[in-house]
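Numbering (UniProt numbering), first residue to last: 1 to 619.
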Amino acid sequence: MGLLEDLQNRILIGDGATGTLLYSYGVDRCFEELNLSKPEEIKQIHSAYIDAGANVIQTNTYGANYIKLSRYGLEDEMKNINIKAVQIAKEAVKTNGSQPYVIGTIGGIRSIRKSAYTLDEIKRNFREQLYLLLSEDLDGFILETYYDLEELKAVLQIARKETELPIITNVSLHEQGVLQDGTLLADALKELEDLGADVVGINCRLGPYHMLQSLEQVPLLKKAYLSVYPNGSLPSYENGRLVYESDEQYFFEMALKFREQGARLIGGCCGTTPKHIQAMAQAVSHLAPITEKKVKTPDVKTNIEIHNRNASPPLHEIVKTKRSIIVELDPPKKLGMDKFLTGAKALKNAGIDAITLADNSLATPRISNVACATLVHQKYNLRPLIHLTCRDRNLIGLQSHLMGLHTLGFHDILAITGDPSKIGDFPGATSVYDLSSFDLISLIKQFNEGMSYSGKPLGEKTNFSVAAAFNPNVRHLDKAVKRLEKKIACGADYFITQPLYSEKQIEEVYEATKHLPTPIYLGIMPLTSSRNAEFIHNEVPGIKLSNSIRSRMAEAGSDKEKAKREGLAIAKSLIDAAFDLFNGIYLITPFLQYELTVELTKYVHEKEKAKLERKISHV
Ligand SMILES: Cc1cc2nc3c(=O)[nH]c(=O)nc-3n(C[C@H](O)[C@H](O)[C@H](O)COP(=O)(O)OP(=O)(O)OC[C@H]3O[C@@H](n4cnc5c(N)ncnc54)[C@H](O)[C@@H]3O)c2cc1C
Ligand SMILES: [Zn+2]
1 MGLLEDLQNR ILIGDGATGT LLYSYGVDRC FEELNLSKPE EIKQIHSAYI DAGANVIQTN
61 TYGANYIKLS RYGLEDEMKN INIKAVQIAK EAVKTNGSQP YVIGTIGGIR SIRKSAYTLD
121 EIKRNFREQL YLLLSEDLDG FILETYYDLE ELKAVLQIAR KETELPIITN VSLHEQGVLQ
181 DGTLLADALK ELEDLGADVV GINCRLGPYH MLQSLEQVPL LKKAYLSVYP NGSLPSYENG
241 RLVYESDEQY FFEMALKFRE QGARLIGGCC GTTPKHIQAM AQAVSHLAPI TEKKVKTPDV
301 KTNIEIHNRN ASPPLHEIVK TKRSIIVELD PPKKLGMDKF LTGAKALKNA GIDAITLADN
361 SLATPRISNV ACATLVHQKY NLRPLIHLTC RDRNLIGLQS HLMGLHTLGF HDILAITGDP
421 SKIGDFPGAT SVYDLSSFDL ISLIKQFNEG MSYSGKPLGE KTNFSVAAAF NPNVRHLDKA
481 VKRLEKKIAC GADYFITQPL YSEKQIEEVY EATKHLPTPI YLGIMPLTSS RNAEFIHNEV
541 PGIKLSNSIR SRMAEAGSDK EKAKREGLAI AKSLIDAAFD LFNGIYLITP FLQYELTVEL
601 TKYVHEKEKA KLERKISHV
């Protein structure tokens with residue numbers, strides 16, 4: 001009889017952890033390599049699980065694929081490791097005399113950062129291992145610990161094409177009942193069934209308690225059976241190891257409850273031992289599977305209020321209808337806020353719509369932009385536009401930060417990748433990049449729907465207005481515009497550009513973007529000296545100054561005041577070029593020299609006033 005016919009009539013018991021039992025060989029060790037160097041040890045683990053009552057055992061091949069083995073320089077051993085794994089499992093079965101099924105394990109690759117591996121890389125990696133395992137005589141396959149549903153669906157389709165053997169697919173949950181991308185477990189399992197998985201379920205990450213609650217939300221499926229492989233418990237971290245604690249009696253009771261939720265294949269994942277498996281086998285092996293169950297509906301997101309403490313309309317609405325000026329004033333690199341605050345006050349008095357506060361630009365630590373935002377808001381009622389990079393915060397930190405911004409009543413965010421750490425003051429520091437700028441924009445928009453990254457209700461909807469970065473200083477403007485279109489699809493409400501230094505380029509940018517529905521704030525940064533101009537021209541990627549601008553700055557020579565006046569004059573002529581094409585002007589204050597951006601703000605206002613007066617006199 002095959003595995004699936006057997007499952008028609010009874011509950012089968014899977015095995016438990018392999019990896020955590022092998023910790024004694026070192027946490028950083030490649031556990032699959034032990035198939036070659038310690039085959040007896042692996043066989044003993046299988047035998048212990050078979051003795052405990054496991055009807056289905058897994059080959060020790062969880063990470064025996066190119067991507068994972070190459071981390072240990074073991075990619076050339078891939079074939080040996082996989083083939084040997086099957087042989088060891090079969091020998092364990094033979095020695096024991098009982099007849100458990102031997103299934104080939106292929107583990108998932110992606111974790112939270114989808115972009116770490118493309119689907120093509122994953123598919124290639126999967127195929128290789130699948131073909132090796134297919135060359136052996138197995139009773140089925142288990143694809144386990146898949147956090148990313150897209151990945152699991154892609155590899156399941158490959159496996160389903162290649163083999164008629166039973167396929168078990170186990171996802172790993174983000175939190176109870178929900179996958180990492182917010183998909184409900186019940187929906188995910190249905191999709192896997194539709195793609196041809198014979199057994200679908202969950203493994204790893206959560207202990208029995210949360211897995212049980214998750215299964216309560218899953219109906220019995222038409223064709224596929226349900227499986228559950230909980231961890232021993234939630235882990236604690238001790239001496240560099242994840243430690244799991246739970247006794248066998250608890251697993252005995254939980255196995256009975258898994259059965260009541262329709263699980264037909266019940267095993268264990270990290271932290272479980274032969275003792276846990278034995279307890280579960282004793283609990284349910286003699287009981288018939290259930291054929292009907294009541295499903296609990298998951299928490300639905302109702303009555304989520306928008307708490308709009310932002311009385312004025314969002315910037316992207318303001319700039320659609322009237323002239324709008326935002327000014328960047330960088331948070332100080334050293335402690336002490338005096339000059340910054342004086343500048344912020346002067347800019348407020350000059351009539352800017354918002355002050356934009358960089359997030360450690362050029363990957364250099366500065367006073368937190370939220371601290372600066374809080375002060376300028378409290379002291380001068382100035383609207384802060386907060387830059388938020390993916391560089392310094394992981395997915396936990398980003399979400400916590402967004403909740404904090406909402407709580408403080410700051411709703412204007414520029415969502416960006418962030419300059420990489422290696423260009424800044426601490427080149428050895430990590431750049432996190434759990435998310436790309438596209439993902440961050442989508443995440444913020446999901447917050448506006450009242451949901452966290454995983455789809456968990458936030459209790460309130462946020463009302464962030466999301467700006468995205470536009471770098472027009474690239475060789476192929478059309479490609480940059482494509483990125484803008486993608487950012488709009490993710491939910492960007494408007495764009496803010498890098499500074500531009502040529503009238504011609506301003507017109508080109510207008511022509512290339514005039515079809516976009518979202519407004520653009522055009523970046524203008526006054527030059528302060530010839531050295532500053534030469535640095536920007538020669539060393540800032542993508543930015544080229546025209547010869548006439550460079551020679552105007554050069555003529556000012558070392559006379560600082562003259563150079564500043566020349567820089568301002570150039571900035572004004574760039575404003576002239578942008579004036580009728582873009583409502584939004586983004587002025588960047590160089591080196592906290594706020595008097596320059598104050599003067600440019602006044603210049604824009606005067607131009608606007610003159611334009612209005614001309615209009616009125618025409619009427
Ligand atoms: C207005 C503004 C404010 C900024 N503020 C900060 C800040 O506060 N802190 C900070 O650290 N950084 C800041 N930056 C820099 C920014 O984080 C990025 O490094 C860069 O500008 C890319 O924009 P993005 O973050 O939206 O990334 P994306 O558009 O997502 O680009 C990500 C990557 O793709 C590359 N890329 C972009 N366009 C193209 C293209 N056309 N072709 C090929 N590759 C491309 C980029 O070089 C980058 O490596 C700011 C940039 C702008 C325009
Ligand atoms: Zn596990």
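Glycine included, C-beta positions come from ideal geometry on N, C-alpha and C.
It should be emphasised that the depicted structure is a prediction, and the values quoted were computed from it without experimental measurement.
Coil, strand or helix - residue i by DSSP
{"i": "F495", "result": "strand"}
{"i": "T145", "result": "strand"}
{"i": "E305", "result": "Because the pLDDT at E305 is just 43, under 50, the model does not fix this residue reliably, and the value given afterwards should be weighed accordingly. Residue state, collapsed to three classes: strand."}
{"i": "F582", "result": "coil"}
{"i": "E328", "result": "strand"}
{"i": "N35", "result": "helix"}
{"i": "N310", "result": "With a pLDDT of only 49 at N310, under the threshold of 50, the placement of this residue in the model should not be trusted, and no figure is reported."}
{"i": "T163", "result": "coil"}
{"i": "L458", "result": "coil"}
{"i": "F252", "result": "helix"}
{"i": "T417", "result": "coil"}
{"i": "L315", "result": "helix"}
{"i": "L527", "result": "coil"}
{"i": "A610", "result": "helix"}
{"i": "P384", "result": "strand"}
CB contact flag (residue i, residue j, <9 Å)
{"i": "Y25", "j": "K38", "result": "yes"}
{"i": "T356", "j": "P384", "result": "yes"}
{"i": "L149", "j": "F141", "result": "no"}
{"i": "I277", "j": "D15", "result": "yes"}
{"i": "L192", "j": "L156", "result": "yes"}
{"i": "L265", "j": "I11", "result": "yes"}
{"i": "L408", "j": "A373", "result": "yes"}
{"i": "E567", "j": "L527", "result": "The residue you asked about is not Glu; residue 567 is Gly in the sequence shown. For G567 and L527, yes; Cβs fall inside 9 Å."}
{"i": "S415", "j": "I444", "result": "For the sequence presented, residue 415 should be read as Ala rather than Ser. A contact, by the Cβ cut-off of 9 Å."}
{"i": "H316", "j": "S465", "result": "yes"}
{"i": "M525", "j": "I423", "result": "no"}
{"i": "Y72", "j": "C30", "result": "yes"}
{"i": "S437", "j": "K487", "result": "yes"}
{"i": "V178", "j": "N203", "result": "no"}
{"i": "S111", "j": "Y147", "result": "yes"}
{"i": "A17", "j": "T273", "result": "yes"}
{"i": "A48", "j": "A281", "result": "no"}
{"i": "L382", "j": "I352", "result": "yes"}
{"i": "Y510", "j": "I585", "result": "no"}
{"i": "A363", "j": "V327", "result": "no"}
{"i": "P472", "j": "A512", "result": "yes"}
{"i": "A283", "j": "E253", "result": "yes"}
{"i": "L435", "j": "L375", "result": "no"}
{"i": "Q180", "j": "V218", "result": "no"}
{"i": "residue 704", "j": "Y229", "result": "Coverage of the chain is limited to positions 1 through 619, which leaves residue 704 absent and any answer about it impossible."}
Any non-hydrogen atom of ligand 3 within 8 Å of residue i CB
{"i": "Q505", "result": "Judged by which ligands are present, ligand 3 is missing from the structure shown, whose ligands are ligand 1 and ligand 2."}
Any C-beta of chain C under 9 Å from that of residue i
{"i": "G450", "result": "The displayed structure is made up of one protein chain only, and chain C is not part of it."}
- Touching by the beta-carbon criterion (3+ pairs, under 8 Å), the segment 575-595 and the segment 331-351: Under the Cβ criterion (8 Å, minimum of three pairs), the segment 575-595 counts as touching the segment 331-351.
- Task: Specify whether the segment 101-113 and the segment 121-137 touch according to this definition: at least 3 beta carbon pairs, one from each stretch, less than 8 Å apart.
- Result: yes
- Item | By C-beta, the residues closer than 5 Å to any heavy atom of ligand 2, given in chain order | C204, C269 and C270
- the segment 572-591 touching the segment 553-562, judged by at least three CB pairs closer than 8 Å: no
- Message: Would you call the segment 535-542 in contact with the segment 482-492, where contact means no fewer than 3 C-beta pairs closer than 8 Å?
- Response: no
- Message: Check whether the segment 206-222 and the segment 472-482 touch, using three or more Cβ-Cβ pairs below 8 Å as the test.
- Response: no
- Please determine if the segment 240-250 and the segment 185-202 are in contact, where contact requires at least 3 C-beta pairs separated by less than 8 Å. For the pair of segments examined, the segment 240-250 was found not to touch the segment 185-202: the number of CB pairs separated by less than 8 Å stays below three.
- Cβ contact (3+ pairs, closer than 8 Å) linking the segment 255-265 and the segment 181-191: no
- In the segment 20-75, which residue ranges form an unbroken alpha helix (DSSP H) of at least 4 residues, counting only runs that do not cross its ends? Within the segment 20-75, the complete alpha helix (DSSP H) runs of at least 4 residues are 34-37, 39-52 and 66-69.
- Query: In chain order, which continuous runs of the beta strand (DSSP E) of length 3 or greater are located wholly inside the segment 163-226?
  - Reply: 167-171 and 199-203
- Continuous beta strand (DSSP E) assignments of at least 3 residues falling wholly in the segment 80-104: none
- Item | Sequence ranges, alpha helix (DSSP H) only - wholly within the segment 472-525, length at least 4 | 477-490 and 503-513
- Query: Is the segment 77-85 in contact with the segment 55-63, if contact means three or more CB pairs nearer than 8 Å?
  - Reply: yes
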